[in-house]
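K.L.:
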Amino acid sequence: MAEHNGGDTVVLDLRKLSTWTDFFIVTSATSSTHLRGLARWAEDYLGPLGYSPLRRPRLAEDEQWCLLDFGDFVVHIMAAEAREFYELEKLWFGAEATKVDAPEPPAAARPDR
39 MAEHNGGDTV VLDLRKLSTW TDFFIVTSAT SSTHLRGLAR WAEDYLGPLG
89 YSPLRRPRLA EDEQWCLLDF GDFVVHIMAA EAREFYELEK LWFGAEATKV
139 DAPEPPAAAR PDR
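Per our numbering, the very first residue in the sequence shown carries number 39; after that it's consecutive.
Okay, structure coming up:
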């Protein structure tokens, strides 16, 4: 997610806290268009790996939150306002949280300054 500009991507390890899923992957989208694009990318990326969501959400034009349940893990793609309001990281305060940063571009791809 981070490499596709999902903001502040965090993986919450819920294995000790939940019986129905092992991980939450939470990321922020900059707009509803970006949110829908990230959701499509997640499905396209994970499909060949053998994962498909248990249910395909229908996303409205002004969607603020997309939940993709893959069974072992759940992907939450949220508008910044929705993420601040629902505070999933605080709701699951007992979960170990790992921040996922976008990979650094290769040195040859970085612009000279």
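Virtual Cβ for every residue (Gly too), placed ideally from N, Cα, C.
#1: Apart from the five residues on each side of it in sequence, which residues of its chain come closer than 8 Å, Cβ to Cβ, to Gly152?
#2: Measuring CB to CB, does Trp103 end up less than 7 Å from Ala120?
#3: When you compare the CB positions of Asp100 and Ser70, do they come within less than 7 Å of one another, or not?
#4: Tell me, please, which residues DSSP counts as bridged to Phe134.
#5: Hey, Val49 and Met116 are a contact pair by Cβ (cut 8 Å); roughly how many whole angstroms apart?
#6: I need the DSSP call for Ser70, collapsed to helix, strand or coil.
#7: Just to confirm before moving on: does the CB-CB distance between Pro91 and Leu73 stay below 7 Å?
#8: Who are the Cβ neighbours of Leu84 in its own chain at under 7 Å, not counting the five residues just before and after it?
P.N.:
Taking the coordinates as given:
#1: Residue 152 lies beyond the stretch modelled for the chain, which goes from 39 to 151, so this question has no answer here.
#2: yes
#3: yes
#4: The displayed chain sequence assigns Glu, not Phe, to residue 134. Paired residue(s): Asp51.
#5: Not really, about 15 Å apart at Cβ, beyond 8 Å.
#6: helix
#7: no
#8: Phe108
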